[in-house]
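Structure, as structure tokens:
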Amino acid sequence: MLTKDYLTNLFRDVETKYAYQVEFIQAIEEFFNAIQPFLEKNPIYVEKDLLRQLIIPERLIEFRVPWMDDSGKWCVNTGYRVQYNSALGPYKGGLRFHPTVNQSIMKFLAFEQIFKNSLTDLGIGGGKGGSDFDPKGKSDAEIMRFCQSFMQELQKYIGPSEDIPAGDIGVSSREIGYLFGEYKRLNNYQSGTITGKPLLLGGSLARTEATGYGVVYFVNHLLESRGDSLKDKRVIVSGSGNVAIYAIKKAQELGAMVLGCSDSSGYVIDPDGIDVDLLQDIKEVKRERLSEYVKVRTQASYTSEKFIWEEVTEYDIALPCATQNEIGELEAKQLIDNGVSIVAEGANMPVNLKALELLMENNIIYCPGKAANAGGVAVSALEMAQNAGRLSWTFEQVDIELNHIMKQIFDTCQTTAKTYSYENDFVTGANIAGFERVAKAMLIQGLV
Ligand code: NDP
Ligand code: 2IT
Numbered sequence: 222m223l224t225k226d227y228l229t230n231l232f233r234d235v236e237t238k239y240a241y242q243v244e245f246i247q248a249i250e251e252f253f254n255a256i257q258p259f260l261e262k263n264p265i266y267v268e269k270d271l272l273r274q275l276i277i278p279e280r281l282i283e284f285r286v287p288w289m290d291d292s293g294k295w296c297v298n299t300g301y302r303v304q305y306n307s308a309l310g311p312y313k314g315g316l317r318f319h320p321t322v323n324q325s326i327m328k329f330l331a332f333e334q335i336f337k338n339s340l341t342d343l344g345i346g347g348g349k350g351g352s353d354f355d356p357k358g359k360s361d362a363e364i365m366r367f368c369q370s371f372m373q374e375l376q377k378y379i380g381p382s383e384d385i386p387a388g389d390i391g392v393s394s395r396e397i398g399y400l401f402g403e404y405k406r407l408n409n410y411q412s413g414t415i416t417g418k419p420l421l422l423g424g425s426l427a428r429t430e431a432t433g434y435g436v437v438y439f440v441n442h443l444l445e446s447r448g449d450s451l452k453d454k455r456v457i458v459s460g461s462g463n464v465a466i467y468a469i470k471k472a473q474e475l476g477a478m479v480l481g482c483s484d485s486s487g488y489v490i491d492p493d494g495i496d497v498d499l500l501q502d503i504k505e506v507k508r509e510r511l512s513e514y515v516k517v518r519t520q521a522s523y524t525s526e527k528f529i530w531e532e533v534t535e536y537d538i539a540l541p542c543a544t545q546n547e548i549g550e551l552e553a554k555q556l557i558d559n560g561v562s563i564v565a566e567g568a569n570m571p572v573n574l575k576a577l578e579l580l581m582e583n584n585i586i587y588c589p590g591k592a593a594n595a596g597g598v599a600v601s602a603l604e605m606a607q608n609a610g611r612l613s614w615t616f617e618q619v620d621i622e623l624n625h626i627m628k629q630i631f632d633t634c635q636t637t638a639k640t641y642s643y644e645n646d647f648v649t650g651a652n653i654a655g656f657e658r659v660a661k662a663m664l665i666q667g668l669v
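Here it is in structure tokens:
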């Protein structure tokens with residue numbers, strides 16, 4: 222059978238079977254499009270029908286999370302863990318607490334995580350989990366009770382050589398601390414079971430910074446490969462959470478001018494460059510809304526109820542660091558009109574397929590999250606290594622290693638794209654390179 226027909230038929234099956242899982246279908250579509258050239262050169266995977274196995278998670282756990290709010294009312298949420306693929310190592314991936322979480326979002330995130338983790342070359346399989354619980358507006362005690370209840374169920378399925386969760390949207394070191402505490406009560410102290418831990422509990426220096434720094438290192442390697450640098454580049458970042466804050470910090474350190482950032486209520490443009498210490502104080506320390514920023518920085522402007530990609534302003538680099546599908550066709554057109562030349566994804570799947578097509582047609586260099594935001598999970602794997610060796614590396618050691626890993630991922634994506642005659646197409650490069658290792662590992666393990 223022709224590879225194209227094989228992929229088309231299988232995609233139709235996915236669309237029919239998972240009709241309501243739109244984000245999952247979207248992730249599969251992007252992936253199938255990208256790996257076609259590889260399958261054409263390596264027909265064994267079509268002959269073995271390997272993709273039909275790959276697209277089904279090895280295990281999908283869905284569970285009830287009952288908890289009590291401060292007024293004594295019973296509340297309940299749904300918890301998930303998708304253990305997607307362990308061909309390369311134990312399941313590894315974050316936990317997301319956000320009201321939009323459902324099976325489709327969990328599956329798309331876990332599916333992408335397989336190839337991201339493969340690109341790091343650190344022996345980790347792909348997984349993801351979370352809950353539709355909304356930490357916003359909850360007291361510390363409510364967050365703690367929720368995390369404890371969530372972990373009472375999740376602990377049955379995880380462990381340092383089995384499945385190692387970490388953070389994602391709505392899960393910061395506060396939540397990780399409570400989750401880890403409950404795990405420990407039930408299973409004794411095993412620091413390697415969760416990453417992104419507070420330092421006192423065996424966390425790694427530079428894990429907090431890793432995803433944001435990693436995205437900027439990736440862009441920096443891209444620019445360097447073209448004899449350019451971040452110096453004086455104008456950058457806009459979406460989000461103002463963990464990934465966004467440290468992307469802003471590193472971009473500024475490398476000489477860029479970061480003009481704006483956002484949260485789910487609106488966005489800020491600061492013509493003098495974002496004051497990242499102020500941003501951190503508002504969003505990370507006080508957990509307030511971004512609108513507080515302009516009360517201190519009066520030269521900055523705040524626009525409510527709009528997304529930052531609607532902003533009409535000239536800039537060079539867009540770093541979407543908030544959430545999936547934040548850049549659709551309209552936003553992509555605006556980016557093109559604004560003169561953007563690079564889009565690098567800090568978030569997972571922030572650009573939809575129509576927007577992606579448009580960016581590619583306009584020769585905008587697009588760095589997919591699978592590659593560009595792999596720094597977070599890479600340092601999580603370094604945290605696991607430190608925990609296993611009962612060691613604690615310095616910030617510099619971890620940071621140097623992170624930069625080295627991002628360079629290796631960039632080089633792999635670039636070389637792979639070139640090998641398949643898709644030069645500068647990092648979607649093709651990242652997906653093929655990530656898939657190749659997973660597919661080989663699945664094949665040599667036989668049917669499991
Ligand atoms: P945080 O919870 O720390 O921050 C999320 C940010 O995005 C907040 O500013 C939030 O606004 C905004 N946001 C979330 N959902 C929406 C929405 N629906 N519309 C508009 N804005 C929204 O999460 P992270 O920074 O950790 O994660 C951001 C992205 O990066 C996610 O896609 C995540 O999967 C990805 N990622 C994270 C990694 C990590 O190590 N943490 C690693 C790799 C990828 P508000 O404050 O109003 O909620
Ligand atoms: O999407 C991601 O890569 C993460 N949320 C980080 C996962 C991890 O295990 O550190």
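Under the numbering used here, residues 222 to 669 are what the sequence shown spells out, in order. C-beta atoms are modelled at their ideal positions from N, C-alpha and C, and glycine is treated no differently. Note that the coordinates shown come from a computational prediction; the quantities given were computed from them, not determined experimentally.
Using C-beta distances below 7 Å, list every residue in its chain close to residue i, excluding the 5 sequence neighbours before and after it, in chain order.
{"i": "Thr637", "result": "Gly650, Ile653, Ala654"}
{"i": "Glu363", "result": "Asp290, Asp291"}
{"i": "Thr524", "result": "Gly487, Tyr488"}
{"i": "Leu228", "result": "Phe253, Gln257"}
{"i": "Ala248", "result": "Phe329, Phe332, Glu333, Met570"}
Mapping the DSSP letters down to three states, classify residue i as helix, strand or coil.
{"i": "Thr637", "result": "helix"}
{"i": "Gly433", "result": "helix"}
{"i": "Pro264", "result": "coil"}
{"i": "Thr414", "result": "helix"}
{"i": "Arg447", "result": "coil"}
{"i": "Glu244", "result": "helix"}
{"i": "Val440", "result": "helix"}
{"i": "Met570", "result": "coil"}
{"i": "Lys288", "result": "Residue 288 is actually Trp in this sequence, not Lys. Note: Trp288 maps to strand in three-state DSSP."}
{"i": "Thr524", "result": "strand"}
{"i": "Asn306", "result": "strand"}
{"i": "Ile621", "result": "helix"}
{"i": "Ile364", "result": "helix"}
{"i": "Ile469", "result": "helix"}
Mind checking whether the beta-carbon of residue i lies closer than 7 Å to any heavy atom of the ligand 2IT?
{"i": "Asn652", "result": "no"}
{"i": "Lys418", "result": "no"}
{"i": "Gln607", "result": "no"}
{"i": "Ser485", "result": "no"}
{"i": "Lys313", "result": "yes"}
{"i": "Asn569", "result": "yes"}
{"i": "Ser382", "result": "no"}
{"i": "Val598", "result": "yes"}
{"i": "Ser601", "result": "yes"}
{"i": "Gln334", "result": "yes"}
Can residue i be considered in contact with the ligand NDP, in the sense that its beta carbon sits closer than 7 Å to one or more heavy atoms?
{"i": "Ser393", "result": "yes"}
{"i": "Ala465", "result": "yes"}
{"i": "Cys542", "result": "yes"}
{"i": "Asn338", "result": "no"}
{"i": "Asn594", "result": "yes"}
{"i": "Ser307", "result": "no"}
{"i": "Ser613", "result": "no"}
{"i": "Gly462", "result": "yes"}
{"i": "Tyr432", "result": "What sits at residue 432 in the sequence shown is Thr, not Tyr. Thr432: yes, Cβ under 7 Å from the ligand NDP."}
Where does residue i land, buried or exposed, given buried means 16+ other C-beta within 10 angstroms?
{"i": "Gly460", "result": "buried"}
{"i": "Ala539", "result": "buried"}
{"i": "Ala543", "result": "buried"}
{"i": "Pro386", "result": "buried"}
{"i": "Pro311", "result": "buried"}
{"i": "Pro287", "result": "exposed"}
{"i": "Arg428", "result": "buried"}
{"i": "Lys527", "result": "exposed"}
{"i": "Phe616", "result": "exposed"}
Regarding residue i and the ligand HEM, is the C-beta to nearest heavy atom distance less than 7 Å?
{"i": "Asp389", "result": "Absent from the structure shown: the ligand HEM. Ligands present: the ligand NDP and the ligand 2IT."}
Could you name the residues of the same chain whose beta carbon sits closer than 6 Å to that of residue i, not counting the 5 residues immediately before and after it, in chain order?
{"i": "Gln501", "result": "Ile466"}
{"i": "Gly315", "result": "Ala387, Gly388, Asp389"}
{"i": "Met478", "result": "Arg455, Gly494"}
{"i": "Leu579", "result": "Ala553"}
What does a CB cutoff of less than 8 Å around residue i pick up in its chain, not counting 5 residues either side in sequence?
{"i": "Phe631", "result": "Phe439, His442, Leu443, Ser446, Ala592"}
{"i": "Gly590", "result": "Glu333, Lys337, Glu566, Gly567, Ala568, Asn569, Met570, Pro571"}
{"i": "Asp537", "result": "Lys454, Arg455, Val456, Gly560, Val561, Ser562, Ile563"}
Going by DSSP, which residues form a beta bridge with residue i?
{"i": "Cys482", "result": "Val489"}
{"i": "Tyr221", "result": "Past the edges of the chain, shown from 222 to 669, lies residue 221, and the structure says nothing about it."}
{"i": "Leu316", "result": "Gly350"}
{"i": "Ile563", "result": "Ile538, Ile586"}
{"i": "Ser459", "result": "Pro541"}
{"i": "Gly380", "result": "Asp384"}
{"i": "Trp614", "result": "BP columns for Trp614 are empty, so no partner."}
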